[in-house]
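Numbering (UniProt numbering), first residue to last: 1 to 105.
The beta carbon of each residue, even a glycine, is placed where N, CA and C say it ideally should be.
Beneath this line is the structure, given in structure tokens, with notes to follow.
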């Protein structure tokens, strides 16, 4: 399992545990029975559905803004690269000028 797969699994398990804990705390009140009663079961179902919908909406939003963010990041990187190239050219031009000046003397 590579790092990306491990990270995805870790994120999934974290989300699963968070939803389980949240819905359990919100919906389960009677610990004397082995099974959920109808009210608890309905509450759990509604709670999980809400969490899943929120998660889907978040992923949709991220899918919309991520390309914009990546484009901006790439443009910033290209600007930095251009500045670096200009600095290198200026340094090289200066070194050539210094060498030419020394040769003339």
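Exercise for the section: Find the nearest neighbour of residue 21 within the set 88, 1, 37 and 48, judged by alpha-carbon distance. Expected result: 48
Problem - Given residue 23 as reference, the closest of 46, 14, 13 and 75 once Cα atoms are compared - result: Looking at the Cα atoms, 46 is the closest of the given residues.
Exercise for the section: Give the straight-line distance between the Cα atoms of residue 29 and residue 17, rounded to the nearest whole angstrom. Expected result: 19 Å
Handout entry: residue 60 to residue 9 span [Cα, whole Å]
Key = 20 Å
Exercise for the section: Compute the Euclidean distance between the alpha carbons of residue 82 and residue 72, then round it to the nearest angstrom. Expected result: 15 Å
Handout entry: For residue 26 and residue 43, believed in contact at Cβ under 8 Å, the rounded distance
Key = In this structure residue 43 touches residue 26 by the C-beta definition: roughly 7 Å separates them, less than 8 Å.
Exercise for the section: Kindly indicate which three-state DSSP category residue 37 falls into: helix, strand or coil? Expected result: coil
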